Amino acid sequence: KISVFTSGFGKKPMCIGEIGSAVWYSAIAMAQEIAARHGHIWSVEYSFPDYQRACYHARIHKQYNITFYYGDGNTIDYAKLSWKKMDMIYIDGRKRDYLTYFQRVIDIVTPNATIIFDDVIKFAHKTSSLYEYLAEKQIQYSIHQLDEDDGIMVIENVGSQMASKN
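See the structure below:
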(Lines of atoms letter the chains of each structure in order from A and count residues from 1; the text may use other names and numbers.)
(Lines give C-alpha, C1' and ligand atoms only; values in the text may rest on other atoms or scores of the structure.)
Protein backbone atom coordinates (compact mmCIF):
# COMPACT_ATOMS: atom_id res chain seq x y z
CA LYS A 1 0.00 0.00 0.00
CA ILE A 2 2.77 2.47 0.91
CA SER A 3 4.61 2.10 -2.40
CA VAL A 4 1.36 2.98 -4.17
CA PHE A 5 1.21 6.18 -2.11
CA THR A 6 4.81 7.21 -2.57
CA SER A 7 4.80 6.57 -6.27
CA GLY A 8 2.22 9.36 -6.28
CA PHE A 9 0.42 7.33 -8.92
CA GLY A 10 3.35 7.78 -11.28
CA LYS A 11 4.39 11.26 -10.12
CA LYS A 12 7.18 10.41 -7.60
CA PRO A 13 6.50 13.09 -5.00
CA MET A 14 9.33 14.85 -3.17
CA CYS A 15 7.30 16.72 -0.56
CA ILE A 16 4.65 14.72 1.25
CA GLY A 17 2.29 15.98 3.92
CA GLU A 18 0.53 13.60 6.28
CA ILE A 19 -2.33 14.19 8.67
CA GLY A 20 -2.63 11.43 11.21
CA SER A 21 0.84 10.05 11.92
CA ALA A 22 -0.56 7.58 14.46
CA VAL A 23 2.32 5.64 15.93
CA TRP A 24 4.69 5.86 12.97
CA TYR A 25 4.21 3.23 10.29
CA SER A 26 2.96 5.18 7.28
CA ALA A 27 5.27 8.20 7.69
CA ILE A 28 8.38 6.08 8.15
CA ALA A 29 7.49 3.74 5.30
CA MET A 30 6.88 6.70 2.98
CA ALA A 31 10.10 8.36 4.16
CA GLN A 32 12.06 5.21 3.35
CA GLU A 33 10.51 5.11 -0.11
CA ILE A 34 11.36 8.73 -0.99
CA ALA A 35 14.75 8.98 0.76
CA ALA A 36 16.72 8.05 -2.37
CA ARG A 37 15.29 11.06 -4.20
CA HIS A 38 15.92 13.34 -1.17
CA GLY A 39 12.23 13.73 -0.43
CA HIS A 40 10.79 14.90 2.88
CA ILE A 41 7.63 14.27 4.89
CA TRP A 42 5.84 16.67 7.21
CA SER A 43 3.45 14.78 9.49
CA VAL A 44 0.86 16.01 12.01
CA GLU A 45 -0.52 13.95 14.90
CA TYR A 46 -3.07 15.16 17.46
CA SER A 47 -2.49 12.43 20.06
CA PHE A 48 0.56 13.33 22.16
CA PRO A 49 1.43 9.71 23.07
CA ASP A 50 1.22 8.71 19.38
CA TYR A 51 3.30 11.75 18.41
CA GLN A 52 5.98 10.70 20.92
CA ARG A 53 5.96 7.12 19.61
CA ALA A 54 6.25 8.35 16.02
CA CYS A 55 9.27 10.50 16.89
CA TYR A 56 10.86 7.59 18.75
CA HIS A 57 10.34 5.14 15.88
CA ALA A 58 11.71 7.63 13.33
CA ARG A 59 14.89 7.95 15.41
CA ILE A 60 15.41 4.20 15.86
CA HIS A 61 14.77 3.62 12.14
CA LYS A 62 17.14 6.49 11.29
CA GLN A 63 14.54 8.30 9.21
CA TYR A 64 15.73 11.90 9.30
CA ASN A 65 13.64 13.08 6.38
CA ILE A 66 10.49 13.35 8.52
CA THR A 67 9.34 16.34 10.53
CA PHE A 68 6.62 15.44 13.03
CA TYR A 69 4.29 18.06 14.47
CA TYR A 70 2.03 17.67 17.47
CA GLY A 71 -1.30 19.40 17.05
CA ASP A 72 -4.88 19.25 15.89
CA GLY A 73 -5.12 18.98 12.11
CA ASN A 74 -8.22 21.18 12.23
CA THR A 75 -6.49 24.17 13.78
CA ILE A 76 -2.88 24.04 12.57
CA ASP A 77 -1.90 26.69 10.05
CA TYR A 78 -0.14 24.38 7.59
CA ALA A 79 1.44 27.25 5.66
CA LYS A 80 3.32 28.34 8.81
CA LEU A 81 4.85 24.94 9.55
CA SER A 82 7.64 25.52 7.03
CA TRP A 83 5.86 23.20 4.66
CA LYS A 84 6.81 23.57 1.07
CA LYS A 85 4.13 23.15 -1.53
CA MET A 86 3.17 19.49 -1.24
CA ASP A 87 3.27 17.07 -4.15
CA MET A 88 1.20 14.60 -2.18
CA ILE A 89 -0.86 14.61 1.00
CA TYR A 90 -1.88 11.45 2.80
CA ILE A 91 -4.82 11.89 5.16
CA ASP A 92 -5.55 9.25 7.79
CA GLY A 93 -6.68 11.37 10.72
CA ARG A 94 -10.12 11.54 12.32
CA LYS A 95 -12.52 10.40 9.61
CA ARG A 96 -15.24 12.88 10.54
CA ASP A 97 -12.75 15.71 9.90
CA TYR A 98 -11.66 14.68 6.39
CA LEU A 99 -13.48 17.60 4.75
CA THR A 100 -11.91 20.11 7.14
CA TYR A 101 -8.44 18.68 6.52
CA PHE A 102 -9.01 18.88 2.77
CA GLN A 103 -10.10 22.51 2.96
CA ARG A 104 -7.14 23.46 5.19
CA VAL A 105 -4.43 21.89 3.00
CA ILE A 106 -5.66 22.92 -0.42
CA ASP A 107 -3.55 26.11 -0.36
CA ILE A 108 -0.30 24.21 0.23
CA VAL A 109 -0.49 21.78 -2.69
CA THR A 110 1.11 22.01 -6.11
CA PRO A 111 -1.24 22.09 -9.13
CA ASN A 112 -0.42 18.45 -9.92
CA ALA A 113 -0.59 17.22 -6.31
CA THR A 114 -2.30 14.02 -5.29
CA ILE A 115 -4.34 13.78 -2.09
CA ILE A 116 -5.01 10.33 -0.69
CA PHE A 117 -7.63 9.63 1.98
CA ASP A 118 -7.38 6.30 3.79
CA ASP A 119 -10.26 4.15 5.06
CA VAL A 120 -12.96 5.72 2.87
CA ILE A 121 -14.96 2.57 2.20
CA LYS A 122 -15.14 1.20 5.72
CA PHE A 123 -15.87 4.64 7.17
CA ALA A 124 -17.97 6.14 4.36
CA HIS A 125 -20.62 7.08 6.93
CA LYS A 126 -18.05 9.23 8.79
CA THR A 127 -16.68 10.85 5.61
CA SER A 128 -20.01 11.72 3.98
CA SER A 129 -19.38 15.49 4.20
CA LEU A 130 -16.22 15.04 2.11
CA TYR A 131 -18.10 13.05 -0.54
CA GLU A 132 -20.85 15.70 -0.64
CA TYR A 133 -18.35 18.55 -0.98
CA LEU A 134 -16.45 16.83 -3.80
CA ALA A 135 -19.71 16.20 -5.64
CA GLU A 136 -20.84 19.80 -5.15
CA LYS A 137 -17.52 21.17 -6.44
CA GLN A 138 -17.34 18.51 -9.17
CA ILE A 139 -13.91 17.37 -8.03
CA GLN A 140 -12.90 14.13 -9.73
CA TYR A 141 -11.61 11.29 -7.59
CA SER A 142 -11.23 7.54 -7.70
CA ILE A 143 -11.69 4.86 -5.08
CA HIS A 144 -9.18 2.00 -4.93
CA GLN A 145 -10.19 -1.01 -2.89
CA LEU A 146 -7.05 -2.30 -1.14
CA ASP A 147 -8.56 -4.63 1.44
CA GLU A 148 -11.65 -6.80 1.44
CA ASP A 149 -13.65 -4.13 3.26
CA ASP A 150 -11.73 -0.90 2.72
CA GLY A 151 -9.70 1.28 0.42
CA ILE A 152 -8.45 4.75 -0.42
CA MET A 153 -9.76 7.80 -2.24
CA VAL A 154 -7.32 9.41 -4.66
CA ILE A 155 -7.73 12.95 -5.96
CA GLU A 156 -5.15 13.66 -8.64
CA ASN A 157 -4.15 17.11 -9.88
CA VAL A 158 -6.06 18.51 -6.94
CA GLY A 159 -4.48 21.96 -7.09
CA SER A 160 -5.53 22.40 -10.71
CA GLN A 161 -8.98 20.97 -10.07
CA MET A 162 -9.61 23.35 -7.16
CA ALA A 163 -8.24 26.37 -9.03
CA SER A 164 -10.69 25.76 -11.84
CA LYS A 165 -13.61 25.60 -9.36
CA ASN A 166 -12.91 28.90 -7.62
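In terms of the working numbering, the sequence shown is residues -14 to 151.
Just so you know, even glycine gets a beta-carbon here, dropped at the ideal spot from N, CA and C.
Since the model is a prediction, treat every value here as computed from it, not as a measurement.
Query raised in the report: Can you round the beta-carbon distance between T112 and Y83 to whole angstroms, since I take them to be within the 8 Å contact cut?
Result: 5 Å
Query raised in the report: Can you tell me whether DSSP reads Q130 as helix, strand or coil?
Result: strand
Query - Runs of beta strand (DSSP E) wholly within the stretch 57 to 134 (minimum 3 residues, chain order) - result: 71 to 76, 94 to 103, 127 to 130
Query raised in the report: Roughly how many angstroms lie between the CA atoms of N142 and P96, to the nearest whole one?
Result: 6 Å
Query - Collapsed DSSP secondary structure at H23 in the structure displayed - result: coil
Query - Contact check, I51 vs A14, beta carbons under 8 Å - result: no
Query raised in the report: With 16 other CB atoms within 10 Å as the buried threshold, where does Q146 fall?
Result: buried
Query raised in the report: Where does M15 sit, in a helix, a strand or coil, going by DSSP?
Result: helix
Query raised in the report: Comparing alpha-carbon positions, which option in A39, D57, R38, L131 lies nearest R89?
Result: D57
**Report entry** Residues near S6 in its chain [Cβ-Cβ closer than 8 Å; skip 5 each side]
**Finding:** A12, S28, V29, E30, D35, Y36, A39, F53
Query raised in the report: Any idea what DSSP makes of Y55, helix, strand or coil?
Result: strand
Report task. Look at the alpha carbon of V139 and the alpha carbon of D62, and state the distance between them as a whole number of angstroms. Result -> 23 Å
Report task. Tell me whether Q17 counts as near the ligand MN, meaning its Cβ is closer than 7 Å to at least one heavy atom of that ligand. Result -> Absence of the ligand MN from the depicted structure is noted, as is the absence of any ligand whatsoever, leaving it without description.
Report task. Out of V105, D77, K69, point me to the one whose CA is closest to V94's CA. Result -> K69
Requested in this report: Taking G144 and A109 to be in contact with their CB atoms under 8 Å, please state how far apart those CB atoms are, rounded to whole angstroms.
Outcome: No, G144 and A109 are not in contact; Cβ-Cβ is about 25 Å, not under 8 Å.
**Report entry** G136, enclosing alpha helix (DSSP H) - first and last residue
**Finding:** From DSSP, G136 is part of no alpha helix (DSSP H) but of the beta strand (DSSP E) over 136 to 140.
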